[in-house]
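A short write-up of the structure that comes next.
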Amino acid sequence: MTVRSAAADDFDAIKAIARETWHATYDELESEVIDRTVDDWYTDDSMPLEAPGTVVLVAERGGEIVGFTHAVAQGERADVLRMYVHPDHQGEGIGTELHERLLAELEAHDVDEVRALDFAFNDASRRFYEGLGFERADSGEVVIDGESYDEAVYALEL
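If you're matching positions, the sequence shown starts at 1 in the UniProt record's numbering and goes up one per residue.
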């Protein structure tokens with residue numbers, strides 16, 4: 001498996017992985033809401049590759065993108081906004097490899113803390129981040145299609 005920086009022509013694969021993963025993971029959301037959200041959130045405009053402090057990585061296996069992550073470093077802190085592995089490839093260590101490479105990239109931005117954000121109802125995400133040493137640090141709220149959802153914020157000191 002190879003982990004590399006994302007390129008503009010990776011966005012179709014990124015969006016496909018996001019869509020498959022959201023449908024497989026977020027039962028609390030209606031299918032149409034997922035599709036609209038993915039179409040809106042997973043574009044080169046919403047994940048600008050060249051923006052200062054932005055890190056977008058993809059994991060490839062056999063020439064196919066099977067996972068990705070997106071983080072933004074600002075000052076001493078970075079936020080992991082997206083970390084997804086295609087459902088057919090979950091449990092194979094891809095997320096952990098993406099995480100390790102992401103931390104290396106973020107350390108180059110001189111951050112002291114990395115936060116990861118996800119829906120509070122996502123137990124798989126909680127287990128993943130806690131397994132990597134993150135601790136639940138805060139909560140927030142995210143609005144999708146006019147509905148508010150609790151968001152969990154996990155933190156890792158570097």
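We put the beta carbon where it would ideally sit given N, CA and C, even for glycine.
(message) What does the alpha-carbon distance come out to for the pair D145 and A152?
(response) Position 145 of the sequence shown holds residue 145. Position 152 of the sequence shown holds residue 152. Straight-line Cα distance between these residues: approximately 19 Å.
(request) For R36, count neighbouring Cβ atoms within 10 angstroms of its own Cβ and tell me buried if that reaches 16, exposed if not. (result) The residue you call residue 36 lines up with position 36 of the sequence shown. So R36 counts as exposed.
(request) Name the one or two DSSP bridge partners that Y117 has. (result) Within the sequence shown, the letter at position 117 stands for residue 117. The identity of residue 117 in the sequence shown is Leu, whereas the question assumes Tyr. BP columns for L117 point to V153.
(request) Using a threshold of 7 Å, state whether the C-beta atoms of G133 and L156 are closer than that. (result) Within the sequence shown, the letter at position 133 stands for residue 133. Within the sequence shown, the letter at position 156 stands for residue 156. Between G133 and L156, the CB-CB gap stays under 7 Å.
(message) Buried or exposed for A73, going by 16 or more other Cβ atoms inside 10 Å?
(response) The sequence position of residue 73 within the sequence shown is 73, counting from 1. Label assigned to A73: buried.
(request) Answer yes or no: do T54 and L102 have a C-beta to C-beta separation smaller than 7 Å? (result) In the sequence shown, counting from the first residue as 1, residue 54 sits at position 54. In the sequence shown, counting from the first residue as 1, residue 102 sits at position 102. Contact: no.
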